[in-house]
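Shown next, in structure tokens, is the structure this report addresses.
Numbering (the numbering used here), first residue to last: 7 to 346.
In structure tokens form, the structure reads like this:
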């Protein structure tokens, strides 16, 4: 399962035993020292910030912490310490080590999720469309994800048919992340077709995300919106609103609007969780949640820090002043001036 924004990839990991000429028994993957070395190897091989960590020193410290462990679970504290080191190196997504009991819930087996807060679409200033996009902590293809997209797309379609806004505000100020695929599909008709954004890996390769006909293409994976809504024509100018609460998948949506024609962002720099992530399962069912790529805009600019808005505001600025500036800019654009 692969997801962009959060770019979550669930990876099942098993220790591969190699038969040797002496027919020596394969090491027990749950033996504390074997299990710990394997977890450290996964972090070192995959995390986007792994090269910043002193792994010989980290390995020695981890084994010292787990010296008295008699089970795989006895190494958890040492593994959490290594995850914190990655977080300190810059991977803000490396925040926790998931135990076997919690892993099933994270990957979709933990029962029904609470109802999601849905996007709201409205007409402002009599001439501008506005969509407020909250975070979406939902499993892929879930009922919550569908409700989120239906709310956004039906609102956009209805407002476009009735009022034909000359420009749009996309408000991401409270969007702390989740699953970016439904978010991007929710604003697909506004953002328009073509390459939207990508994820740059440690090797420099890029997995691109594109949009066309209500469908996202992510490498070899596609995801289609539950409603068919044509792209808005003519292509509208867009003002994107961000804050320090805009994080993770909210930042991926922010990046998708960067370098788009007739687009300007307003507010404060985003949180800085600009890494695509992967969930790596260990032999006992525990999981590591790691950043494995950097968000990248359609022009190839890679974001390793908070994304700065085009029109910055102080953190003390009121929400209304940010929105007012966005409205004033939109109304000054050619698209809106022509509709007076």
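Using N, Cα and C, we set each Cβ at its ideal position, and we do this for glycine too. All values reported here derive from a predicted model rather than from experimental measurement.
- Using a Cβ-Cβ distance cut-off of 8 angstroms, the region 231-247 and the region 168-178 are in contact, since at least three pairs of beta carbons, one from each stretch, lie closer than that value.
- Of the candidates 313, 305 and 285, the residue whose Cα lies closest to the Cα of residue 271 is 313.
- Residue 296 sits away from residue 280, with the two beta carbons spaced by 8 angstroms or more.
- The alpha helix (DSSP H) runs of length 4 or more contained entirely in the region 65-105 are, from start to end of the chain, 82-95.
- In this structure, DSSP gives residue 260 a helical state, which the three-state scheme calls helix.
- In the three-state DSSP reduction, residue 171 falls in the coil class, being neither helix nor strand.
- With 16 or more neighbouring CB atoms inside 10 Å of its own CB, residue 91 falls in the buried class.
- In the structure shown, residue 304 adopts coil according to DSSP, grouped into three states.
- In this chain, the alpha helix (DSSP H) harbouring residue 343 covers 340-343.
- One alpha carbon belongs to residue 222, the other to residue 307, and they sit about 20 angstroms apart.
- Here DSSP, grouped into helix, strand and coil, assigns residue 318 to strand.
- Nearest to residue 74 by C-alpha distance, out of 88, 108, 38 and 44, is 38.
- In this structure, DSSP gives residue 154 a helical state, which the three-state scheme calls helix.
- About 5 angstroms separates the beta carbon of residue 303 from that of residue 265, a gap short enough to meet the 8 angstroms contact definition.
- Taking a cut-off of 8 angstroms for Cβ pairs, the region 51-64 and the region 86-106 touch, as three or more such pairs fall below it.
- When DSSP states are grouped into helix, strand and coil, residue 55 belongs to the coil group.
- Here residue 235 carries a coil assignment [DSSP, helix/strand/coil].
- The beta carbon of residue 93 lies closer than 7 angstroms to those of 100 and 101 in the same chain, with the five residues before and after it left out.
- Pairwise C-beta distances place the region 249-258 in contact with the region 180-191, as three or more of them are shorter than 8 angstroms.
- Here DSSP, grouped into helix, strand and coil, assigns residue 203 to strand.
- In this structure, the beta-carbon distance from residue 336 to residue 134 falls below 8 angstroms.
- Between residue 231 and the set 218, 191 and 260, the nearest pair of CA atoms involves 191.
- Here the C-alpha atom of residue 95 lies approximately 24 angstroms from the C-alpha atom of residue 213.
- For residue 229, the pairing in a beta bridge is given by DSSP as 222.
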